[in-house]
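Data block below; observations after.
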Amino acid sequence: MKVIIAEKPSVAREIAKVFGATTKKDGYIEGKGFTFTWAFGHLLQLAAPQEYGYYGWSVQHLPMLPPKFKLSIRKVKTKDGLVDDPSVKKQLDTIQKLFDESTEIIVATDAGREGELIFRYIYYYLKCKKPFKRLWISSQTDEAIKEGFRNLKPGSDYDTLFNSAHCRSQSDWLVGMNATQALSLSSGIRGAVLSLGRVQTPTLAMICSRYLENKNFVPETFYQVSIHPDKDGQVFKAISAENYKTKEEAQAVVDQVQDVEGGFPQGGHILQVEAKPRKEPPPLLHDLSSLQQEANKRKGFTADQTLNILQNLYENKLVTYPRTGSRYIGDDVFAGVPVLIEKLEQHPLFGKQAIALGSATLNKRSVNAKKVTDHHAVLTTGETPHQLSADQQAIYDMVAGRMLEAFHQDCIKEVTKIVVQSGAKFNASGTVIHTAGWRAVFNDKEDDKKDEENATLPKVVQGENLPITAKALLEKQTKPRPLYNEASLLKALETAGKEIDDEELRYAMKDSGLGTPATRAAIIETLLKRNYIIREKKNLVPTPTGIAVYEVVKNQQIAQAELTGTWEKRLEEIRSGASVTDFQNEIKTYTRAITSELLAQGKSLKIPTAATTGVKVSA
């Protein structure tokens, strides 16, 4: 008997259906010589401190550095405290029985770091010694599942993936458990449970730092001058090339602007005209993080909402693997793209664009096999959606629309800059799109045109003089950087806080970011659950608790985004075969240092006792 273990019951049912297995049992399905069973996500976790002899919270126990980590059954709350989840114990017994009876084990948990960890922890906890094979697929369509089973991989091919996942799990335990206890105990606040974590704390630091910068920002008034030259009846707006600190300086510039002198219209002299054609390449395909950002901007969805909706679309065979960190596909996948585009010809929003692309040469900017990691970018599968909710349809349309954009032609536009002399120098700029290309898919206004003063500019010639129909003194104020919302925070997490707009450069830094595309939504939700941040309209704003914790840790290593970002890179290197022992030793050294720092600094924590209520320990 071959046993196939999936990550959750719904996936096991879909795979069983492909095989024609229909006999339902308690905790598994069987038929056609196969048995299909499942986990419920993480059934097992690294054991709590007391299981290593660290009873109670005590400074004498810190830092807690277990010589060997143990696995423990997932816990649930009861009136008697935390106990082993009885449903997990029951399912583990079922899996144990099936593994013992099996001739072959096939792993069908999600094909990624956490999916590998879920299976391996079960495998090792049950002390199973049987060899296993790995199903590695990027789509849940029937054909993809069948193709995956025709190409099963030896389980040992994914040992380094497990090593990376296990190191991530251990480092989160070591840093989270020790830092949380160190800060909570040293604060002197009775009953305080102040959660810190390897990734959540630098993320909190980014939110708090931006909030305080914004709150303490003192706007400075400055002045500009605007003029409105007229070219054969088409009036356009030009702004002074310089900003002026005082109203008097700006007024002097206004006074210099001449409308008509001696009856001849020489109010504005055209010093320079630059009209440059520009090709704007299409955006890259979506990975999870970029899709979460778009969904937040377009629909206000949280990162967690988007991930859950996308996971549902994946399990319903409509999109490919959702937790991907890649925005590229290989040539093998690209070969199937024309068929996927053809399937969208009946789409109510994108049908015309899909038809147009059917006869065009597809753009290959998103095609690069070397940049595809475990899974390629998110694509539609060609299956026709039926009865989607409004939210599901919105996310599906973002995937489908981005796919059409990514393979579309460049947007061809002309960017014009006019320099006008009228006492001082004034600049006018405008953009004219000649060929919409990929921008025709959503017909969105260009980001770089939102601040332009002119929709279009007239044709003017260097050296000519134009009458000035109006002039004005403008009083303006400097503005702080905006508070983080989920879209801008996700973007910043990709590069460990560095503000990088270029999407290819940002993508190149993804292995040095905070967390992974699959975990960033959970980081935000953890901070909300800890009462460290709240959602205020679309913004993420720290609470007094969050600010108090930040003020203590802001100069400590645990709050440094770049340091944590380098660990994410190291975890990816372990995935490629780098030393596990070296990383573990570094984390232990770091744990000793951060525990010492926090034990010394905790007394400076100023926080209302009530604000700590309900805050949990984070691993």
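Start counting the sequence shown at 1; every next residue gets the next number (UniProt numbering).
Ideal placement from N, C-alpha and C gives every residue a C-beta, glycine not left out.
Check whether residue i and residue j have beta carbons under 9 Å apart
i: L307; j: M403; result: no
i: V175; j: I587; result: yes
i: Q292; j: E486; result: yes
i: I412; j: R278; result: yes
i: M398; j: E536; result: no
i: Y321; j: S209; result: no
i: Q353; j: A455; result: no
i: A108; j: I207; result: no
i: H376; j: V333; result: yes
i: F40; j: K32; result: no
i: D85; j: K70; result: no
i: E597; j: Q556; result: yes
i: V273; j: T384; result: no
i: D172; j: Q305; result: no
i: T141; j: K476; result: no
i: E14; j: E213; result: no
Candidates the options, of which the one nearest residue i by Cα
i: Q170; options: E597, L599, R150 and T581; result: T581
i: L271; options: Q462, E562 and Q387; result: Q462
i: D444; options: K476, Q311 and K297; result: K297
i: E143; options: T180, D110, A275 and K317; result: K317
i: T380; options: V372, S389 and A400; result: A400
i: L194; options: V333, T545 and I395; result: T545
i: G53; options: K77, P67, G41 and S326; result: P67
i: I105; options: K2, S164 and G148; result: K2
i: L46; options: R134, A390 and R120; result: R120
i: F132; options: L71, K153 and A354; result: K153
i: Q601; options: P458, A179 and K247; result: A179
i: M177; options: T201, K471, Y158 and L161; result: T201
i: A182; options: I524, L196 and H269; result: L196
i: K215; options: A492, T203, P482 and Q557; result: P482
i: L117; options: T78, F99, L43 and L92; result: L43
i: residue 636; options: E7, D332, E101 and N243; result: The structure shown does not extend to residue 636, since the chain is modelled only from 1 to 619, so the question has no answer here.
i: V199; options: D331, E525 and S596; result: E525
i: A48; options: W57, T416 and G41; result: W57
i: G115; options: G351, E7 and K231; result: E7
i: L285; options: Y328, H166 and F99; result: Y328
i: T324; options: E280, I558 and D110; result: D110
i: V460; options: I395, V420 and L490; result: V420
i: L185; options: L457, A521 and H61; result: H61
i: F162; options: G112, L126 and G148; result: G112
i: D287; options: D374, Q256, H269 and Y223; result: D374
i: P219; options: D232, K245, K237 and Q234; result: K245
i: N531; options: H269, S10, A192 and F149; result: A192
i: W567; options: F34, G515, E213 and L490; result: G515
i: S10; options: T23, R150, L357 and T37; result: T37
i: A522; options: E551, V553 and L490; result: L490
i: Q91; options: K25, K79 and V59; result: K25
For residue j and residue i, believed in contact at Cβ under 8 Å, the rounded distance
i: P517; j: S289; result: 4 Å
i: Q409; j: A360; result: 7 Å
i: P63; j: T589; result: Their Cβ separation, rounded to whole angstroms, is 10 Å, which puts P63 and T589 out of contact at 8 Å.
i: G577; j: T160; result: 5 Å
i: R134; j: G155; result: 5 Å
i: V372; j: V319; result: Going by Cβ atoms, the distance from V372 to V319 rounds to 17 Å, so no, they are not a contact pair.
i: P282; j: A406; result: 5 Å
i: K529; j: E414; result: K529 to E414, Cβ: 50 Å. No contact.
i: V549; j: L204; result: 7 Å
i: R570; j: F583; result: 5 Å
i: I309; j: I395; result: 5 Å
i: G267; j: P467; result: 5 Å
Beta bridge counterpart(s) of residue i as assigned by DSSP
i: D410; result: Bridge partners of D410: none, in fact.
i: S240; result: F426
i: R134; result: V107 and K153
i: N465; result: H269
i: R278; result: K413
i: I29; result: K24 and F36
i: S226; result: I239 and A472
i: E536; result: N539
i: L71; result: L46
i: T78; result: G81
i: I4; result: F36 and I106
i: I418; result: V273 and A428
i: K231; result: Q234
i: Q251; result: None, per the DSSP bridge assignment.
Minimum Cβ-Cβ distance from residue i to chain B less than 9 Å
i: A295; result: No chain B is part of this structure, which consists of one protein chain only.
**Asked** At a cut of 8 Å, does the segment 291-302 reach the segment 360-375 through at least three beta carbon pairs?
**Response** Touching, no.
**Prompt:** Does the segment 532-549 touch the segment 458-476, meaning 3 or more C-beta pairs lie closer than 8 Å?
**Reply:** No: fewer than three Cβ pairs fall under 8 Å.
**Asked** Does the count of Cβ pairs from the segment 419-439 and the segment 224-240 closer than 8 Å reach three?
**Response** Yes, they touch.
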